[in-house]
Structure formats: structure tokens, C-alpha cells
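Heads up, the thing below is written out as C-alpha cells.
Protein chains in written order, with my numbering: chain Z, 13 to 407; chain C, 1151 to 1350.
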């Protein structure tokens, strides 16, 4: 046993330096291996392509305004990119053999994924907002067009007319905001325009609703029929005025012999109640005077207010529905200077000068004049049918 | 022995200098102040791209500071940090300048639009007062007055938007009112022409 140890000692003593050199060399090789391996394996190679790709994805997301449309996703992407760039820089400043860009690659990949996701989510939300704004604008355009149609069909009071204009202005503004790409704001403004336009349409439909009232239309038809019957039975001439049809028909022997285009009072959607209300009265009247020279070329004066009108006026006044100091009005005529294609008088019926010349020859003092709202087929009745249905559909 | 002592002192001094490397805090504070100024100038609304460049530069600076702070004190170096701080400050100053310029431009545009509409409204009101009045014009005049009232309301909204620095909104409101006023002016013009046509 001692001989064996003594041999080992002799061996170590003889090979001492060689052994040391061998161990040293092996250590050097192992260390060199450890130092060179990361370089050889490419761990120390900065992932420049990945960095540029992630950066480009982030720029794409920014260009797509993901910050606005998908703020949470974009914030995540920005944050992930910062973490990745920070890690990148940390590795960059390390001595070459100790660099390890593998986690950086992972971080850059994650940042790129998040940026792409933010871009895609931003695009999706932007398109959704655009679609909603498109719909709101389309609805608003329809509502405002209806409202303008109403404004053309009847004279609106100052408040309602202002509201109509406000709705058109709001719609224009909504379009301008839309063009700027601010879809949610455009949607909101278009909805405001719609609400204003619908309020105008509703007001107009309410005002015109009596033109679609079946019992009232039946009464008007009865009045027309009675006038025609009288003309037929007496062989005389009679006039029928249909307010919403803007028509003045002349009957002779129960047959229509002339039909003129007529303009009414500018608030003729209403029946005349008092002076200054600019409404054409509805009822049975007679021509009381023929004026060969009038402010409006020629005129045929009517006996408004008749007994029925006066009775109704007195009743309404008693109920407090007519203010103090206001009378039932008067000076209602059929006169010339009309045929303008719009209601503009203060309650009279205006036809063109050529037509009043013709009518003037055909009628005399005492000729009956029946003025009715319409026959249920005129513009107010159409307005109630079309817009009333649309309004109930949108509300 | 003396030489050895001198060498050791030199090494010690170098270590001290290297170990005491500090971040350029004053420059960083200056850059941060510039960022704040850019934000105050409305860069988020009026120079978003420039502000984004500032954010990126700030992120790069933060990353570099963190890298240096994570290092052993003797090995810290703030040479690159200086460059990044300078870059950040330059970008923040640019963002502030861009924001101011763009805001001024938007303000000028809105002011011009409001001025145009105000002038047009005043002209339209004057024209409406002088518009031919006569047979059956009451309804038209009432409608035109109502139209101008709506335009005036929009103009008031535009002025309110100006007060709250919403220049884009102010411009949109003013321009939206413009065509209503033009429409009224056209109607008045048509009425004047119709009347002069009748006279002749």
C-alpha cells in the first residue's frame, strides 16, 4: 500500500508542472468555450431586424391612430416596446461575451405583436365608429330633408323655423367634423341635428293633423258636395276653395268649369280664428263686393266673419282662448297678384291676375264661396301620412 | 516605493472620478421642463407627431439611465445620456414650437371664419332691413329672420368654442352658418331683382 502511494508521489513530483499545465490549459479551454459559445451561437448578435420590425409595427399603429381608437391596446404596445428597448440597451452595453439578446428578441416579438394587435383593434374600432357616424349622418340627412320638406309645405313660426335652420346647420357641422375624421363627434352632432329636425317635423305634423282627421275631411267633403248640389239644382255659379290643394274650383250647373291655382294665408294650416293670424278661414261665404281696382289687382270681397264665425269667436273668447283686444278679423277676399306657388297672404285667397280677370267675369255679388281645408289628398294630409309614419318609426 | 505610492494614488483618484459619475440631472430637469412646456402649449392636440417623438426620446433616455444605474458604480458612464438628454430637449422644444404654430394657425383660421360670418351676418341683417317689403312679403321676411337667428346662434356657439380654445370646433360652427346666411342673401337679392324687374 505504502509502495503504491510512494509511486504516486514520485509520479506527481515528476509530472507536476506538466499536470499543472494540462489543468490550466483545460481550464482555459473551458473558459474560452464559455466565452466563445454565446458569440458562436449568435446570442450576442443584436436583433436589429426584429427591432426595426417591432418599431415599424409601432409606427404603423401610431399612423392608424390606435392611440385614439384603441388606447389601452396602444398603451400596452408602447409600454412593451419601451421594456424591449430598455432590455436591448442593457445588453448592448455589456461586454461582448456576456451579452444575451435572446430575452430581448422575445420582448421585441411581444412588443411587435402588441403593436399589430393595437393597430388592428384601432382599425376595427375606427371602422365601427365610421359606420355608426355614417348611419347617424344618413338618418340625420333623412330627418333634415323631411324637416325641410315640412318647411316648404307650410309656413313655420319663428321658433320652429329657427329650429329647422339649426338642424341644417348642425348637419353641415356634422359633415365637417366627419371629414376631419372625428367620427364619434360627428355622430353626436348628427344626432343633435336629427333631434331638432324631428322636433320640427313633429310640430308640423301635429299642426297639420286635422287634415288627416277622417271626420273633419268627411265634413269638408259634405260641404263641397252640398255646394256642388246647390250649383246643380239652382243652375248657378259657386266657388269651392281647397286650402291644402291650393285650388279654387268654379262650378256652373254642378260641373267644374274652371280650376285655378290659388295661394292662401301663410298660416293656412290653421283655421282662421282672429285678426292677424294669417290663416284663410274655412266655412260657407258669399261674395259681398266686386272690386275692379284693388291693392291686389282685382278683388272679390267675402262676408267673413259670418254669423257662424262670430259665434265661434265669441265662444273662444269666453273660454279665454283668444287674447283681449283681438277681433275676429275681416277683409277676406279672393284677389289677384297670386299664382306664386306659395302661401303668402294674410288670410285671403290669391290667384293670378289672368285668373282673377276670368273669375271676375264669371261671378257676381252673392256667389257662394265654400272654403274647406281640403279633400284629404292635399299636401298637409300627405305630410301627416308620410312624416307621421316616419316620426313614429324613429321615436 | 515612492513610485508605487504615486501610481496607487493615481489609480485611486481615477477610481474616485469614475465611481462618482452622476447623471446629468440639471440637463434632465431642463428637458423635463421643456416637455411640460410642450404639453402646456397643447402639443397633444396641435402637434401629436412631435409629441410622440418626444415620448420616444424620453423612453430612450429612461432606458439609458436605467442601464447606467444597474451598472456597478465604477463602470457607469453618462456620455450617451448627455446626448439623449440634448436630443430630448431639442425634440420637446420643437414640439412646443410646433404646437404653438399649429394652434396659432387654427386660431387664425377660426378667427377668420368667424370674422367672415360676422360680416356676412351683419350684411344680411342690413339687407333684410332694406329688403323690398310689400304684398305678401311678411311670411318670407319672418322666415328669413328666423334663418338668420339660427345662423347667429351658431355664430355665438362658435365664439363660445373660441373662448374655450376649441378652434377647430369654432371654425366648423362658423362655416356651417355661412351657407344659411348666403342662402338668405340670395333670397333677398332675388326679391330685389324681381322688384326692379317689375319696375322696368
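Here a beta-carbon is modelled for each residue, glycine too, at the ideal position from N, C-alpha and C.
{"Asked": "State the CB to CB distance for the pair residue 1214(C) and residue 1230(C), rounded to an integer number of angstroms; the pair is presumed to be in contact (CB under 8 Å).", "Found": "6 Å"}
{"Asked": "Counting C-beta neighbours from all protein chains within 10 Å, is the total for residue 1307(C) 16 or more, i.e. buried, or is it exposed?", "Found": "buried"}
{"Asked": "Can you give the Cα-Cα distance for residue 20(Z) and residue 38(Z), rounded to whole angstroms?", "Found": "22 Å"}
{"Asked": "Where DSSP assigns a beta bridge to residue 303(Z), which residues make up the other side?", "Found": "311(Z)"}
{"Asked": "Going along the chain, which residues of the segment 101-125 of chain Z sit with their C-beta nearer than 7 Å to a C-beta in chain C?", "Found": "101, 102 and 105"}
{"Asked": "DSSP three-state call for residue 382(Z): helix, strand or coil?", "Found": "strand"}
{"Asked": "Taking DSSP as the reference, what is the three-state secondary structure of residue 85(Z)?", "Found": "helix"}
{"Asked": "Among the residues of its own chain, which have a CB less than 6 Å from the CB of residue 269(Z), if the five just before and after it don't count?", "Found": "262"}
{"Asked": "Given that residue 189(Z) touches chain B, what residues does it touch there, using C-beta distances under 9 Å?", "Found": "No chain B appears in this structure, whose protein chains are Z and C."}
{"Asked": "If you check the beta carbons only, do residue 1095(C) and residue 1267(C) fall under 8 Å apart?", "Found": "Limits of chain C in this structure are 1151 at one end and 1350 at the other, which puts residue 1095(C) out of reach."}
{"Asked": "Comparing the C-beta of residue 177(Z) with each C-beta of chain C, is any distance below 8 Å?", "Found": "yes"}
{"Asked": "Check the Cβ-Cβ distances between residue 1272(C) and every residue of chain Z, and say whether any is below 8 Å.", "Found": "no"}
{"Asked": "Taking the beta carbon of residue 198(Z) as the centre, do at least 16 other beta carbons fall within 10 Å, making it buried, or is it exposed?", "Found": "buried"}
{"Asked": "Is it buried or exposed, residue 8(Z), if we count other Cβ atoms within 10 angstroms and call 16 or more buried?", "Found": "Not covered by the structure: residue 8(Z). The range shown for chain Z is 13 to 407."}
{"Asked": "Use the C-beta contact count for residue 213(Z): other C-beta atoms within 10 angstroms, 16 or more gives buried, fewer gives exposed.", "Found": "buried"}
{"Asked": "From 289(Z), 201(Z) and 308(Z), pick the residue whose C-alpha is nearest to that of residue 334(Z); which is it?", "Found": "289(Z)"}
{"Asked": "Examine chain Z for any beta-carbon lying closer than 8 Å to the beta-carbon of residue 1279(C), and answer yes or no.", "Found": "no"}
{"Asked": "How about residue 279(Z) and residue 167(Z): do their beta carbons lie closer than 8 Å?", "Found": "yes"}
{"Asked": "Keeping to the same chain, check which residues put their C-beta closer than 6 Å to that of residue 252(Z); ignore five residues upstream and five downstream.", "Found": "236, 239, 261 and 382"}
{"Asked": "Tell me whether the beta-carbon of residue 1303(C) lies closer than 8 Å to the beta-carbon of residue 178(Z).", "Found": "yes"}
{"Asked": "What is the rounded straight-line gap between the Cα of residue 1349(C) and the Cα of residue 309(Z)?", "Found": "Bear in mind that a pLDDT of 45 at residue 1349(C), under 50, signals an unreliable position, so the number given afterwards is only what the model happens to contain. Cα to Cα, residue 1349(C) sits roughly 16 Å from residue 309(Z)."}
{"Asked": "Among 1279(C), 1317(C) and 1284(C), which has the Cα closest to the Cα of residue 1294(C)?", "Found": "1279(C)"}
{"Asked": "Let me make sure I understand the geometry here. Which of 171(Z), 353(Z), 104(Z) and 150(Z) has the alpha-carbon closest to that of residue 1292(C)?", "Found": "171(Z)"}
{"Asked": "Answer yes or no: does any C-beta atom of chain Z fall closer than 8 Å to that of residue 1330(C)?", "Found": "yes"}
{"Asked": "Any idea what DSSP makes of residue 1290(C), helix, strand or coil?", "Found": "helix"}
{"Asked": "Alpha carbons only, please: which of 160(Z), 30(Z) and 294(Z) is nearest the one belonging to residue 319(Z)?", "Found": "294(Z)"}
{"Asked": "If you follow the beta strand (DSSP E) that residue 263(Z) is part of, which residue opens it and which one closes it?", "Found": "259-264"}
{"Asked": "Jot down the residue ranges of each uninterrupted beta strand (DSSP E) in the segment 156-182 of chain Z, minimum 3 residues, whole runs only, in chain order.", "Found": "none"}
{"Asked": "Is it right to say residue 27(Z) is buried, meaning 16 or more other beta carbons lie within 10 angstroms of its own, or is it exposed?", "Found": "exposed"}
{"Asked": "Could you check the C-alpha separation between residue 119(Z) and residue 113(Z) for me, to the nearest Å?", "Found": "10 Å"}
{"Asked": "From what residue to what residue does the beta strand (DSSP E) around residue 254(Z) run?", "Found": "249-254"}
{"Asked": "Would a check of beta-carbon distances place residue 1202(C) closer than 8 Å to chain Z?", "Found": "yes"}
{"Asked": "Would you report the Cα separation of residue 373(Z) and residue 299(Z), rounded to the nearest angstrom?", "Found": "13 Å"}
{"Asked": "If you count every other CB in all the chains shown that lies within 10 Å of the CB of residue 392(Z), and 16 or more means buried, which is it?", "Found": "buried"}
{"Asked": "Please classify residue 406(Z): is it buried, with 16 or more other beta-carbons within 10 angstroms of its beta-carbon, or exposed?", "Found": "With a pLDDT of only 47 at residue 406(Z), under 50, the local geometry of the prediction cannot be trusted, and no value is derived from it."}
{"Asked": "Have a look at 229(Z), 330(Z) and 360(Z) and flag the residue whose alpha-carbon is nearest the alpha-carbon of residue 287(Z).", "Found": "360(Z)"}
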